[in-house]
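Residue numbers (our numbering): 604 to 737.
Ideal Cβ placement from N, Cα and C applies to all residues, glycine included.
Beneath this line is the structure, given in structure tokens, with notes to follow.
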């Protein structure tokens, strides 16, 4: 395996809004050390794509149709406990803190944050994941 590939962070984006998926795709593809492996539009697709592509980090919207992000995170973690999950949400619910503590999520960020901050969170989660692989 080439050295470059081992340092490349495999990322999956799951969001039901096409514009968000497209924006994140563009932002992530600018980074040479990020390999965007897939775009899911709901939680079920996210679970299936994790199985298929084995990403290091999943950027997961919490509010999605078919299977919501919290349910998807629990399914992903039960199958792939080392996959890092960054919950990405616009939810302003006081219950969100409780849900996050009980959910299988490694980091949380609001959709309003600058893209660079999200990428830094993804990279930090990725570093933890890559260390776990060694």
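>> What does DSSP give as the partner residue(s) for residue 687 in the beta ladder?
In response: Bridge pairing for residue 687: 660 [DSSP].
> Taking DSSP as the reference, what is the three-state secondary structure of residue 641?
Replying inline: It is a strand residue.
> Per DSSP, what kind of secondary structure is residue 710 in: helix, strand or coil?
Replying inline: In the three-state reduction of the DSSP assignment, residue 710 falls in the strand class, which pools E and B.
> Around the C-beta of residue 718, are 16 or more other C-beta atoms found within 10 angstroms, so that it is buried, or is it exposed?
Replying inline: Residue 718 comes out exposed.
> Would you say the segment 630-639 touches the segment 667-685, given that touching needs at least three Cβ pairs under 8 Å?
Replying inline: Counting Cβ pairs under 8 Å, fewer than three are found: no touch.
> Is it true that the segment 677-696 meets the segment 647-658, where meeting means three or more beta-carbon pairs spaced less than 8 Å apart?
Replying inline: Because the criterion of three Cβ pairs below 8 Å is met, the segment 677-696 and the segment 647-658 touch.
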